[in-house]
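Since the structure comes first, as structure tokens, the remarks are kept for the end.
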Amino acid sequence: MSVDDATVRRIAHLARIAVSEGEVPHLQGELNAMLAFVEQLSEVNVEGVEPMTSVTPMQMKKRQDAVNDGEIADDIVANAPATEGHFFLVPKVVE
1 MSVDDATVRR IAHLARIAVS EGEVPHLQGE LNAMLAFVEQ LSEVNVEGVE
51 PMTSVTPMQM KKRQDAVNDG EIADDIVANA PATEGHFFLV PKVVE
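Just so we're aligned: the sequence shown equals residues 1 to 95 in the UniProt record's numbering.
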């Protein structure tokens, strides 16, 4: 797959990048080089290779999934203009 001048201009427009006429041939070569590299990657045999989340084998850190109130309810409602217990009181909006 190769990119022509019109495609380079369209990509620049979509990316909101100002590209002068002199830069179009250079960008065309750069984009074609990137696409050629991606085509090379598609030739690699990856059958039987499991996907990785990182280049180094590691386990994700996990924590206990426990529900709690954070034990700071008093601090949270301390600056509220009106509270009742650990709840905010707000004026009625719908009649």
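Every residue gets a Cβ at the ideal spot worked out from N, C-alpha and C, and that includes glycine.
Check: Which residue marks the beginning of the alpha helix (DSSP H) containing isoleucine 17, and which one marks its end?; Outcome: That residue, isoleucine 17, is in no alpha helix (DSSP H); it is neither H nor E in DSSP.
Check: Is it true that the CB of valine 90 sits closer than 9 Å to the CB of alanine 82?; Outcome: yes
Check: Considering only their Cβ atoms, is the gap separating valine 3 from alanine 12 smaller than 9 Å?; Outcome: no
Check: Which residues does DSSP list as the beta-bridge partners of threonine 83?; Outcome: Phe88
Check: Alpha carbon to alpha carbon, what distance is there between asparagine 32 and alanine 38?; Outcome: According to the sequence provided, residue 38 is valine. The question's alanine does not apply to it. One C-alpha to the other measures close to 10 Å.
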